[in-house]
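For reference, the structure is listed below as structure tokens.
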Amino acid sequence: MAQATALSAVLSNLSKAAEKQELFGIAERFNELAGLVDGNQARDPSLEALRAEVARDGERDYPALQTAGAEAGDRGVLRAVKWGEKVTTAQRALMDRYASKGDALLEGKQLFLCEACGFIFLGDDPPEICPVCKAPAPRFSNVK
Amino acid sequence: MYASRNIRLCNKDCVCLFVCPTGATDTETGQIDRLACVDGCRLCVDACPSHAIHLVLERYPEPAPRQVALAESMLALCERKSHEERTALAIAEAAPTAGAARVARALARSARILAEDCAREAGYMIPQCEATRELLSQIATDHDGKIRSIAEELIEVTAPGR
Numbered sequence: 082m083a084q085a086t087a088l089s090a091v092l093s094n095l096s097k098a099a100e101k102q103e104l105f106g107i108a109e110r111f112n113e114l115a116g117l118v119d120g121n122q123a124r125d126p127s128l129e130a131l132r133a134e135v136a137r138d139g140e141r142d143y144p145a146l147q148t149a150g151a152e153a154g155d156r157g158v159l160r161a162v163k164w165g166e167k168v169t170t171a172q173r174a175l176m177d178r179y180a181s182k183g184d185a186l187l188e189g190k191q192l193f194l195c196e197a198c199g200f201i202f203l204g205d206d207p208p209e210i211c212p213v214c215k216a217p218a219p220r221f222s223n224v225k
Numbered sequence: 297m298y299a300s301r302n303i304r305l306c307n308k309d310c311v312c313l314f315v316c317p318t319g320a321t322d323t324e325t326g327q328i329d330r331l332a333c334v335d336g337c338r339l340c341v342d343a344c345p346s347h348a349i350h351l352v353l354e355r356y357p358e359p360a361p362r363q364v365a366l367a368e369s370m371l372a373l374c375e376r377k378s379h380e381e382r383t384a385l386a387i388a389e390a391a392p393t394a395g396a397a398r399v400a401r402a403l404a405r406s407a408r409i410l411a412e413d414c415a416r417e418a419g420y421m422i423p424q425c426e427a428t429r430e431l432l433s434q435i436a437t438d439h440d441g442k443i444r445s446i447a448e449e450l451i452e453v454t455a456p457g458r
């Protein structure tokens, strides 16, 4: 059973799954529910705290899941771990670069997000193909 | 099972018009008329030179079974990613500059997508699967008001045979 913190993401994932089945009414209801159960705020809203959280996933959680997934022969888990590890690395790189350069890092650049896997790309145009999940450029959105 | 056109991929070769026995592919909206579409026919799917048409199923199978411990680990990671999303959103809200807020918003959305992927691999693959139905029942039990009523409605509309 999903815990309270994860509930909203579980439901918004189901909304996307409904949308892909062209069940648009159901997708909307799942999204509404995801919004309603989305709750409590973070305790330490600093980039350093987030950097530490993300680093822990990279160092501990992903390697452990990689081992467990390989032992079970679960390729779905291995796929999610592979994408997640790479996306997490990109998140850390962005945080590090922003921490050292500040707003100058973003000057004249756009922040693109792959809607399929979460990969973040800083540049003038989105990549032609996502380096993590191979989704094409139209799957990227520009984060304003 | 009915055919659906991805308008972004469609090169307007219009071969689907030649092969469709009911004219369902020839509409003013660019979308295939699903009521006129012949169940499971798939002639247009195979004929389309730009691979822009696919079949949408009315029923989907249960996701392949997964080791319980592994599903739980994926859900635990979903928790962590959701927590990271919250942290990033809070950073965005309190950010001193527009740039800091933009970076935090990108990180929050990225974390949400990772959390959703973990949820999927934890077994919450589609609205109609058993895990989802159990979750919706639990939500309906734990809440009142609007949350309960939406959860109950979703249990009904995703029921097998619908």
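Line order of the protein sequences matches chains A and U.
Take the first sequence: its letter number 22 is residue 103 in this note's numbering, and every next letter is one higher.
Take the second sequence: its letter number 157 is residue 453 in this note's numbering, and every next letter is one higher.
Backbone N, C-alpha and C define an ideal beta-carbon position, used for all residues, glycine too.
Check: Give every residue of the same chain whose Cβ lies closer than 6 Å to the Cβ of L371/U, excluding the five residues on either side of it in the sequence, and list them in chain order.; Outcome: A418
Check: Among R362/U, L410/U and Y356/U, which has the Cα closest to the Cα of E381/U?; Outcome: L410/U
Check: From V364/U to A171/A, what distance separates their C-alpha atoms?; Outcome: 30 Å
Check: According to DSSP, is Q172/A helix, strand or coil?; Outcome: helix
Check: May I have the straight-line CA-CA distance separating I422/U from E412/U, to the nearest angstrom?; Outcome: 12 Å
Check: Just to check my reading of the structure: V311/U and C344/U have Cβ atoms closer than 8 Å, yes? What is that Cβ distance to the nearest angstrom?; Outcome: 6 Å
Check: Taking the alpha helix (DSSP H) that I409/U falls in, what are its first and last residues?; Outcome: A394 to E417
Check: Can you name the residues of chain A whose CB is closer than 9 Å to the CB of C312/U?; Outcome: Those within 9 Å of C312/U in chain A number zero; the least Cβ separation is about 17 Å.
Check: Quick one: which chain A residues come within Cβ less than 7 Å of H350/U?; Outcome: Neighbours of H350/U on chain A: none; closest Cβ ~10 Å, over 7 Å.
Check: Going along chain A in order, which residues have a C-beta closer than 8 Å to the C-beta of L339/U?; Outcome: Simply none; closest approach about 20 Å.
Check: On the DSSP bridge assignment, give the partners of N223/A in chain order.; Outcome: F193/A
Check: Pair every Cβ in the region 107-117 of chain A with every Cβ in the region 435-452 of chain U, then say whether three or more of these pairs are closer than 8 Å.; Outcome: yes
Check: Which first and last residues belong to the beta strand (DSSP E) in which A332/U is found?; Outcome: Element bounds for A332/U: n/a, residue is neither H nor E.
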